[in-house]
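Chemist:
Residue numbers (the working numbering): 325 to 606.
(1) Quick one: give me the first and last residue of the beta strand (DSSP E) that residue 567 is part of.
(2) Could you compute how far the alpha carbon of residue 369 sits from the alpha carbon of residue 433?
(3) Do you know offhand how far residue 572's Cα is from residue 381's?
(4) Looking at the secondary structure, which residues open and close the beta strand (DSSP E) in which residue 416 lies?
(5) My output table needs one value for residue 453: the three-state DSSP class, helix, strand or coil.
(6) For residue 400 versus residue 372, is the C-beta spacing smaller than 9 Å?
(7) Candidates 378, 352, 334: which alpha carbon is nearest residue 482's?
(8) Measuring CA to CA, which of 453, 361, 509 is closest to residue 491?
(9) Mind listing, in chain order, the continuous alpha helix (DSSP H) runs of no fewer than 4 residues lying wholly within the region 467-501?
(10) Taking its Cβ as the centre, do 16 or more other Cβ atoms sit within 10 Å of residue 591, making it buried, or is it exposed?
(11) Which residues does DSSP pair with residue 458 in a beta bridge?
(12) Compute the minimum distance between the beta carbon of residue 553 and the heavy atoms of the ligand GDP, and state whether it is under 8 Å.
(13) Which residue marks the beginning of the beta strand (DSSP E) containing residue 344, and which one marks its end?
(14) So, helix, strand or coil for residue 267, using DSSP?
(15) What are the boundary residues of the alpha helix (DSSP H) that residue 594 is part of?
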């Protein structure tokens, strides 16, 4: 990934190579913090309000102080103004909010912008090969188990990154998790949608992250005459689907071309979904 810019919540820019996090910050030592990531195209952030709202929900689930929304907006404005949009018209904006140094009540916060990963840009047109991996738990309702942080976008992403490395070492580019019983869940950094007989199906938001891109899909589908449903899906559904996609805020929409090495058909709805979700062209 190329040049990055970093902003503090007062709207000032800082050198991203300089340390701004203490060594005993619990976001570093324990992964005790949250983040958000969104796509910016030609200086226009996508779904900024929705991401800030989900950011606040994540903070509440971790019992962190509410993020300084005005401060993150100031940081966003500073980064958008400083970014070279002629050189990189697509960028990823990330917000961070940690618990801060151990034994204090001083959260740490910053925002970073960086060019969109070229691999994600390429996958939008070429598609992506995925591997199915067992996530090790069933997606049971966890409303009464708040310590499991259902739906929080926390900094504890080590398992997700390990899964992606495991897949890449075996010829795939991404992962879709399933439960021990075979129920489909989500990807490490994305949601999954299947076309089954012309109806779009995606796993319910139970014990998985509430996807802003999937919510957009639900909102816009009726105007396109499309039927989108939350459905309990099994890994075997890949064998009967007409096509499938990975969705996320930064990649937007990427067609799955292979599952565990087996080719997957391209859905006839692919171009419609790209247009509907506003997948940027190269």
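Heads up, the beta-carbon is just placed ideally off N, CA and C, and yes, glycines get one too. Treat the numbers as computed from the prediction; the structure is a model and nothing was measured.
Modeler: To lay it out plainly:
(1) 567-572
(2) 19 Å
(3) 18 Å
(4) 414-422
(5) strand
(6) yes
(7) 352
(8) 453
(9) 482-492
(10) buried
(11) 502
(12) This structure simply doesn't include the ligand GDP, nor any ligand for that matter.
(13) Element bounds for residue 344: n/a, residue is neither H nor E.
(14) Residue 267 lies beyond the range of the chain shown here (325 to 606); nothing can be said about it.
(15) 594-601
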